[in-house]
Structures are given as structure tokens and as C-alpha cells.
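Participant:
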Amino acid sequence: MGQGDFNINLPDGENFAPADERVQELLALMQPGPAGAGTFHLGHPGTDRAAWDPLRDDDVGRRILQQAREAAEQTPLPQVTDEIYLACLSDGSPAAMNAVAPGSRLRMALLPLAECLEPNDEFLGLIEQDIQHTLTLRSWIHPNNDEGKDTFEGHTIFNDLSSTHTASLLVAADYLLGDRLLPETRAGIRREVQRRTLAPFRQRIESGKDVYWWVTVTHNWNSVCLLHTVGCALALLEDAADRAWYVATAEKLIRYSEEGFTESGFYTEGVSYWAYGYGCYVTLAETVRAVTADAIDWLIQPLAERMSHFGQRMEIQDGVFPTFADCRRDVDLPAWLVHWPNNRLDDSRQHRSEGVAIDVLSGNPFRTSPTILLVLFHQVDVRAAYSREHGSPWRDWWSDEQFLICRPREAAPIHLASTLKGGDNGVNHNHNDLGTFTVLIGDRELLTDPGAEIYTERTFGPTRYEGNLLNSFGHPVPVVAGQLQPPSKSEYTKGIGTDVTTTVIATDFSDDVDEVVLDLSGAYRVASLDALTRTFTHDRSGKGAVTVLDSVTFSQPEDFETALITYCDWSQKPDGSLTITEGGTGVDVIVSSPDGVLIFDHVVIQESSTPTRLCWRFAEPVSQASIRISVTPSAD
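Be aware that the sequence shown starts at 26, since it is given in our numbering, and climbs by one per residue.
1. Looking only at C-alpha atoms, which of LEU136, PRO43, THR176 and GLU140 sits nearest to ASP679?
2. Could you name the residues that DSSP lists as bridge partners for PRO658?
3. Please state the DSSP three-state secondary structure of PHE534.
4. Going by CA-CA distance only, name the one from PRO501, LEU370, HIS66 and LEU160 that's closest to GLN104.
5. Applying the 10 Å Cβ sphere with the 16-neighbour rule, what's the burial state of SER497?
6. Would you say GLY476 touches the ligand COA, meaning its beta carbon is less than 7 Å from a heavy atom?
7. For ILE89, which residues in the same chain have their Cβ closer than 6 Å to its Cβ, ignoring the five residues on either side in sequence?
8. In chain order, what residues of the same chain have a beta carbon less than 6 Å from the beta carbon of SER394, not counting five sequence neighbours either side?
9. Taking its Cβ as the centre, do 16 or more other Cβ atoms sit within 10 Å of MET26, making it buried, or is it exposed?
10. Using only CA atoms, which one of SER129, THR461 and SER443 lies nearest to ASP468?
11. Among GLY448, GLN508 and ILE325, which one has its Cα closest to the Cα of TRP365?
12. Exposed or buried, what is GLN228 when buried is set at 16 or more other beta-carbons lying within 10 Å of its beta-carbon?
13. Rounded to whole angstroms, what is the Cα-Cα separation between ALA360 and ARG408?
14. Are the beta-carbon atoms belonging to PRO487 and THR518 less than 8 Å from one another?
15. Pick helix, strand or coil for LEU495, following the three-state DSSP scheme.
16. With DSSP run on the structure shown, which of helix, strand or coil describes GLU276?
17. Between the C-alpha atoms of CYS352 and LEU401, what's the straight-line distance to the nearest angstrom?
18. Across which residues does DSSP place CYS431 in a beta bridge pair?
19. Taking 8 Å as the CB-CB limit, is TRP595 close to chain E?
20. Pull up the CB-CB distance for PRO582 and SER648, whole angstroms please, since I reckon it's below 8 Å.
21. Considering only C-alpha positions, which residue in the set VAL316, THR189, PHE579 and ARG163 is nearest to GLY179?
22. Measure from the alpha carbon of CYS141 to the alpha carbon of each residue in SER188, ASP82 and SER535, then state which is nearest.
23. Applying the criterion that 16 or more other CB atoms from any shown protein chain within 10 Å of the CB defines a buried residue, is LEU399 buried or exposed?
24. Taking three-plus beta-carbon pairs below 8 Å as touching, is the region 532–541 in contact with the region 549–558?
25. Could you pull out every residue in the same chain whose Cβ sits closer than 6 Å to the Cβ of GLY302, ignoring the five residues on either side in sequence?
26. Suppose you measure from the CA of GLN28 to the CA of ARG489; what does that come to, to the nearest Å?
27. Looking only at DSSP bridge pairs, what is CYS640 linked to?
28. Is the beta carbon of ASN34 sitting closer than 8 Å to the one on ILE230?
29. Please state whether the Cβ-Cβ distance between THR591 and LEU545 is less than 8 Å.
30. Figure out for me which residue from GLY499, ALA570, VAL541 and ALA266 has the closest Cα to the Cα of VAL629.
31. CB-CB under 8 Å to SER662, same chain, minus the five flanking residues each way: which ones, in chain order?
32. Can you tell me which of the three DSSP states HIS180 falls into?
33. Count the other CB atoms within 10 Å of the CB of GLN154; is the residue buried (16 or more) or exposed (fewer)?
34. Under 8 Å between the Cβ atoms of LEU427 and GLY448?
35. Report, in whole angstroms, the separation of the C-beta atoms of GLU667 and SER634, which I expect to be a contact under 8 Å.
36. Grab me the residues of GLU516's own chain with a C-beta within less than 6 Å of its C-beta, minus the 5 sequence neighbours each way, in chain order.
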């Protein structure tokens with residue numbers, strides 16, 4: 026099965042094409058590119074020395090040149106090959122491709138920039154080599170999306186994150202370097218991008234048949250693939266009406282990306298994918314804005330404004346972000362994106378904060394060529410960018426997604442923070458984690474949500490929840506009558522799990538104490554389960570404390586257990602309490618119940634990361650019982 030198997034076939038006579046009237050309206054607004062050409066690109070050609078020389082003479086340019094040299098000097102050079110592609114398919118593992126693709130793309134993004142900063146042909150030979158090699162690859166998509174080899178063998182042409190990104194890299198090199206590239210190289214770029222990217226996309230959109238499934242998804246694929254596809258069209262297509270068609274199509278389809286956010290601006294994929302998906306959304310929005318001479322600006326929508334705050338609001342403290350769903354534990358959010366509303370070119374902005382400078386090259390803006398060119402050329406001053414004003418409130422609460430962040434007082438002797446998550450188990454990049462919580466001191470997450478696994482063929486297949494980092498066994502939530510939270514280990518498919526939910530029973534927020542009571546009974550499929558609540562309390566007084574109380578009622582005696590997850594060192598004291606430590610920081614944990622004897626157990630989860638699961642279960646089945654978890658900073 027390949028990703029093309031999920032493509033969309035509309036009823037005869039229906040399609041996703043924009044209305045002709047809208048195409049004509051946009052055509053009247055369309056602007057030429059920076060060099061005055063009919064085509065458009067976010068970048069400036071390397072011949073535009075007024076644009077590039079100030080960067081060359083600044084630290085931003087010097088750092089780009091240094092990174093380019095480091096990328097060019099890697100031994101061996103990471104390079105995607107047909108042999109690696111086939112090996113991934115035969116081995117059933119994307120590891121070999123994932124080992125080379127990021128480095129190859131980074132090099133292909135950096136070297137053209139370096140040749141614009143210092144046009145001395147230092148990298149031109151390697152740029153030509155990379156382009157020519159890429160043009161000969163039999164497939165630009167990721168092998169995970171071509172299990173039947175249909176794209177590799179030429180039976181069809183699917184497009185994905187990888188292929189659209191590749192096309193965008195080629196087009197950026199062509200636009201930036203122009204006639205410094207060999208004529209046959211430039212012709213090859215146009216031929217292959219048209220054949221592999223633009224023609225298949227337009228044919229499917231207009232026919233309504235075999236339409237790429239990502240045009241209607243609410244996760245990052247929508248904005249990423251649209252950005253690269255539309256960017257290629259604007260830069261390559263000579264006919265202005267064709268360019269207007271792509272802008273109109275983007276305008277019609279980007280709403281699905283917007284639907285990936287709740288009304289509060291919460292993004293269920295987490296901050297890692299917010300940086301990727303929303304970063305591409307912003308880049309596409311600014312592309313459309315620029316090519317229409319500011320006539321169309323998606324970013325002034327109220328929802329888009331709330332979307333923009335997600336990165337800042339999700340910082341728990343000290344640069345640490347929640348790791349729910351498929352979120353990485355080592356997140357480094359790109360500062361340009363977090364603070365873009367403060368630095369974008371915007372004549373309507375009444376105030377621009379200039380108090381704290383930011384590093385616009387942090388967080389890997391080179392992930393896509395359009396994004397780095399946006400950062401370099403479409404803000405007030407790339408050499409003097411500043412953070413947007415944002416306090417550090419004691420809490421952030423997204424009621425529509427049931428997500429809570431609790432922070433300490435600024436003057437607290439110990440900076441104890443915590444998070445709690447409810448919602449449903451059908452979100453994008455879902456983990457079965459309803460009721461999950463974390464506890465931190467400073468930048469040390471002592472009780473954790475395990476975060477993403479290293480992606481394999483299983484990760485997005487029907488057996489996704491066999492992974493113990495993804496199912497509820499690997500999360501700090503109850504096991505009820507021996508049952509984990511649905512969906513089960515073998516029933517993962519698009520849309521499943523939306524009926525597995527929690528409900529907020531009560532909230533009580535004050536300066537001293539934040540408390541949320543969740544009804545977890547809808548998070549399990551257990552016939553005998555009458556009631557299950559989780560009361561989460563964060564106390565800011567003194568050194569701080571977190572308490573979690575699980576209360577359960579069955580119609581007949583059943584097993585019941587609860588758990589904590591940690592990557593840290595832990596030890597058990599003679600009284601049964603635990604101490605969990607990392608880097609000289611620790612918490613004491615007491616787990617107790619008035620309703621029966623608790624048996625303690627622990628296991629190291631054997632997945633791509635190896636957290637420890639600490640669990641407590643009743644020695645005998647219970648009909649009605651509660652378990653209290655008390656977490657306080659260690660006394661030692």
C-alpha cells in the first residue's frame with residue numbers, strides 16, 4: 026500500500042479547481058518578481074547586489090557562508106540515491122533514507138545562498154552536481170510513500186513532503202543563480218518540475234480524480250506541499266493566468282490547514298509540527314501577500330493571529346515545551362516564526378517591540394528555501410529582529426482542547442511547573458494519552474510524556490498503537506480492567522479515535538492553586554466502568570506541589586492501576602515513596618490509596634527511546650477506589 030491509495034476521487038463533474046472569476050480577480054492583482062520579471066519568487070536573484078551585499082557584510086551572511094562550507098565539506102556527502110530508495114523498501118525501514126535526505130536538502134538550500142552572498146563560483150560545481158543528480162533520480166518522494174514502487178517505476182506520479190520540497194530547492198537555485206547555471210541544467214529543472222510536480226497537481230485538481238489526499242488534510246502536509254507547489258509555479262510559469270490559477274487554488278485549499286487549529290489557536294500536532302506546518306503556512310501567506318501587492322493577507326485573520334501565539338504560549342519555562350503526540354523532546358523553535366508578527370513588513374502595525382533581539386537563524390530556517398528567503402528579505406530588518414512582547418502568565422488554559430500549563434510565581438524558591446492534557450484520541454499525530462501530565466523543575470522534565478518515536482513503517486500504519494510510546498501504556502494514565510485507551514493496537518486509520526474523549530467536569534484557577542477535574546470514563550471501552558475522574562491540582566504556595574487523584578467506580582470488581590513515566594534516575598525509599606532526579610534536581614513522589622494495598626512495579630519501555638514506566642496497581646480487584654499521586658520538590 027502506498028500513499029496514493031488514499032487519494033481522492035470526486036463524483037463525476039466535481040473538482041477542486043478555483044472559480045474562473047476568482048482566477049481573473051487575482052490575475053488583476055498579480056505583481057512581477059523582485060527583478061521585474063513576470064515570474065515571482067520570494068528571493069532576490071544573485072545579480073541584485075543591493076539586496077545581497079548588506080547581508081554578505083553582516084553576521085547573518087557570514088554565518089550562512091560558514092554553514093554552507095560545513096555542508097559542502099562533509100565526508101561523505103549525504104546524498105539520496107535510487108539504491109537507498111530501493112533498500113528502504115526491501116528492508117521495510119526508512120532509516121537509510123532518513124540518514125541522508127536532511128543533509129542533502131540542507132546543502133542544496135545553503136549553497137545557492139552562499140553563491141549569492143559571494144558569487145565567486147566556490148560552490149557552483151557542487152550545485153550543478155547536486156541538481157544533475159537529482160534530475161536523474163527515478164522518484165523524488167519518500168520511499169515510505171511508495172510501497173508498491175508505483176512512482177519509482179513510472180506507473181503514476183505521487184507528490185509528498187519530500188518531492189515538493191525537492192522541486193522547491195531546484196527552482197530556488199534556478200531563480201537565484203539564473204544564467205550562472207548551465208543551460209541544460211536550467212532546462213532540466215523546468216522539464217522535471219513541470220513533469221513531476223506542476224502538471225500532475227493541476228491535472229488532478231481540475232479532473233477531481235486521483236487527487237492527492239493532502240489537499241484536504243488538516244495537518245502539516247497541506248501547508249507544506251501547497252507552499253512548495255505554488256512557489257514553483259510562481260517562479261517558473263510564464264503565463265500570468267497560470268500563476269493566478271495556482272494562487273487561487275492555494276487560497277481555496279489552505280483553509281484545511283487553518284482547520285487544524287482550534288478556535289483558541291491550539292495545534293494538536295504539538296510545537297514541533299507547528300514550527301514545520303505553520304512555518305510553511307506563514308511562508309505561503311507572505312508569498313500570496315507579496316505577489317498580490319498586500320491585497321490578500323491571511324495573517325490578519327483573527328484565527329491566524331491566535332495561531333501565531335501557539336509557540337510562545339506553549340513554552341512551559343526555560344525553553345522547555347510539552348512533548349505530547351509526535352513531538353520531539355529537543356524542540357528548538359525558530360525565533361523568526363515565533364516573533365514574525367513583530368518583524369514582518371506591516372504598515373498597519375501600531376507598535377513594534379524592540380526590547381529583546383532575536384537570532385533569526387535559530388531553529389533551522391534553512392529547512393525550506395522559500396522560508397529562509399522570506400526571513401532574509403521580507404521583514405523590517407533581518408539584521409535587527411526583535412521578540413514580540415509576551416508575559417509569562419502563571420497558567421495557559423486552552424479550554425477547547427483541554428490543555429493546561431501551570432507555571433510558578435517568578436519569585437518562587439523552586440520553579441515547579443506542570444502540564445495536563447485531555448481532549449480526544451483522534452487528533453493529528455495522536456498518541457493515546459488522555460489524562461497525561463508532566464512535572465518540571467526549571468528545564469528538567471522529571472515526570473514526562475515520552476514524546477515521538479523514531480518513525481518506522483509501523484508509525485503511520487494500521488498497527489501504529491503497537492508502539493508503547495504511542496499507546497497509553499507508555500503514558501502516565503490509568504490501565505482500567507486491564508484495558509488500555511482505544512484505539513487498539515491494530516485499528517489505526519484516518520479519523521479513528523475521535524469518539525474516545527475526556528470531559529471537563531470543573532476548573533478552579535487562582536493565584537495559589539490551579540485545579541482541573543477530567544471525566545476519563547469516555548477514554549476507555551470497559552463495560553463495567555461506571556465512573557473515572559482525574560483531579561489535577563497544581564499548588565504554587567511554598568516550594569510548590571502537584572497532586573493527581575484518580576477515582577474509579579465499577580459495576581463489578583476489576584483491576585485498576587496508574588502510572589508515571591520518566592527518563593530520569595529514580596530510587597525507592599524504605600517507606601515506598603520515590604525520588605526522581607536529574608542534574609541535581611529532583612522530586613519526591615508518594616502514591617497512596619485508602620481503598621486497598623498497592624503493588625509497585627516498573628519496566629523500561631523498549632522502543633526507539635527507553636523511558637521507565639513506574640506503576641501502582643491494586644493487589645485485589647476493586648469496585649470503588651481512588652489513588653493519589655503527590656509530587657513535591659525533593660527535600661534533599
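We put the CB at the ideal spot given by N, CA and C, even for glycine. For clarity, every value in this text was computed on a predicted model and none was experimentally measured.
Facilitator: The answer reads as follows:
1. Because the chain is modelled from 26 through 661, residue 679 falls outside the range shown and cannot be assessed.
2. Indexing the sequence shown from 1 puts residue 658 at position 633. In the DSSP output, where bridge partners are listed per residue, PRO658 has VAL612.
3. Along the sequence shown, one-based indexing puts residue 534 at 509. Three-state DSSP puts PHE534 in a strand.
4. Residue mapping note: residue 104 aligns to position 79 of the sequence shown, counting from 1. Residue nearest to GLN104 within the set PRO501, LEU370, HIS66 and LEU160 is LEU160 (criterion: CA-CA distance).
5. Taking the sequence shown and counting its residues from 1, one reaches residue 497 at position 472. Result: buried.
6. The ligand COA is not among the ligands present in this structure, which contains no ligands whatsoever.
7. As a position in the sequence shown, residue 89 is number 64, starting the count at 1. Within the same chain, and ignoring the five residues on either side of ILE89 in sequence, the residues whose Cβ sits closer than 6 Å to its Cβ are LEU138.
8. Sequence index remark: in the sequence shown, residue 394 carries index 369 (1-based). Taking SER394 as the centre and dropping the five residues before and after it, the same chain places the C-beta of ALA134, SER193, LEU194 and ALA197 closer than 6 Å to its C-beta, in chain order.
9. The residue given as residue 26 occupies position 1 in the sequence shown. Caution applies to MET26, whose pLDDT of 34 falls short of 50 and renders its modelled position unreliable; the value that the coordinates give is listed next. MET26 comes out exposed.
10. The count along the sequence shown starts at 1 and reaches residue 468 at position 443. Of the candidates SER129, THR461 and SER443, the one whose C-alpha sits nearest the C-alpha of ASP468 is SER443.
11. Numbered from its first residue, the sequence shown carries residue 365 at position 340. Nearest of GLY448, GLN508 and ILE325 to TRP365, Cα basis: ILE325.
12. Numbered from its first residue, the sequence shown carries residue 228 at position 203. Within 10 angstroms of the beta-carbon of GLN228 lie fewer than 16 other beta-carbons, which makes it exposed.
13. Taking the first residue of the sequence shown as position 1, residue 360 is located at position 335. Taking the first residue of the sequence shown as position 1, residue 408 is located at position 383. Counting only the Cα atoms, ARG408 lies some 13 Å from ALA360.
14. Taking the first residue of the sequence shown as 1, we reach residue 487 at position 462. Taking the first residue of the sequence shown as 1, we reach residue 518 at position 493. In contact: PRO487 and THR518 (Cβ atoms closer than 8 Å).
15. For this step, residue 495 is matched to residue 470 along the sequence shown. Correct three-state label for LEU495: coil.
16. Residue numbering aside, residue 276 sits at position 251 when the sequence shown is read from its first letter. Three-state result, GLU276: helix.
17. As a position in the sequence shown, residue 352 is number 327, starting the count at 1. As a position in the sequence shown, residue 401 is number 376, starting the count at 1. CYS352 and LEU401: Cα-Cα distance of roughly 28 Å.
18. Here residue 431 is taken as the residue at index 406 of the sequence shown, counted from 1. When DSSP reads this structure, CYS431 sits in a beta bridge with ARG420 and SER443.
19. In the displayed structure, chain E is absent; only one protein chain is listed.
20. Against the sequence shown, residue 582 aligns to sequence position 557. Against the sequence shown, residue 648 aligns to sequence position 623. Right, the Cβ-Cβ distance comes to about 5 Å (below 8 Å), so this counts as a contact.
21. Taking the sequence shown and counting its residues from 1, the one referred to as residue 179 is at position 154. The candidate whose alpha carbon is nearest that of GLY179 is ARG163.
22. Translated into the one-based positions of the sequence shown, residue 141 becomes position 116. When each option's Cα is compared against that of CYS141, the closest is ASP82.
23. Counted from its first residue, the sequence shown places residue 399 at position 374. With at least 16 other beta carbons inside 10 angstroms of its own, LEU399 counts as buried.
24. Below 8 Å, too few C-beta pairs join the region 532–541 and the region 549–558 to call them touching: fewer than three.
25. Taking the sequence shown and counting its residues from 1, one reaches residue 302 at position 277. The residues are ASN245 and SER248.
26. Against the sequence shown, residue 28 aligns to sequence position 3. Against the sequence shown, residue 489 aligns to sequence position 464. Because the pLDDT at GLN28 is just 48, under 50, the model does not fix this residue reliably, and the value given afterwards should be weighed accordingly. About 16 Å.
27. Against the sequence shown, residue 640 aligns to sequence position 615. For CYS640, which the question treats as bridged, DSSP gives the partners ALA588 and ASP626.
28. In the sequence shown, counting from the first residue as 1, residue 34 sits at position 9. In the sequence shown, counting from the first residue as 1, residue 230 sits at position 205. It is not a contact, given that the beta carbons lie outside the stated cut-off.
29. Walking along the sequence shown from the start, residue 591 turns up at place 566. Walking along the sequence shown from the start, residue 545 turns up at place 520. Not in contact: THR591 and LEU545 (Cβ atoms no closer than 8 Å).
30. Stepping through the sequence shown from its first residue, residue 629 is reached at position 604. If we check each option's Cα against that of VAL629, GLY499 comes out closest.
31. Examination of residue 662 is not possible in this model, given that the chain is present from 26 through 661 alone.
32. Walking along the sequence shown from the start, residue 180 turns up at place 155. Here HIS180 sits in coil by DSSP.
33. Indexing the sequence shown from 1 puts residue 154 at position 129. Exposed is the label assigned to GLN154, since fewer than 16 other Cβ atoms lie within 10 Å of its Cβ.
34. Within the sequence shown, the letter at position 402 stands for residue 427. Within the sequence shown, the letter at position 423 stands for residue 448. The identity of residue 427 in the sequence shown is Gln, whereas the question assumes Leu. For the pair GLN427 and GLY448, the CB atoms are nearer than the 8 Å cut-off.
35. No answer is possible for residue 667: it lies beyond the span of the chain, which begins at 26 and ends at 661.
36. Start at 1 with the first residue of the sequence shown, and residue 516 comes out as number 491. Cβ neighbours of GLU516 beyond the five flanking positions: none.
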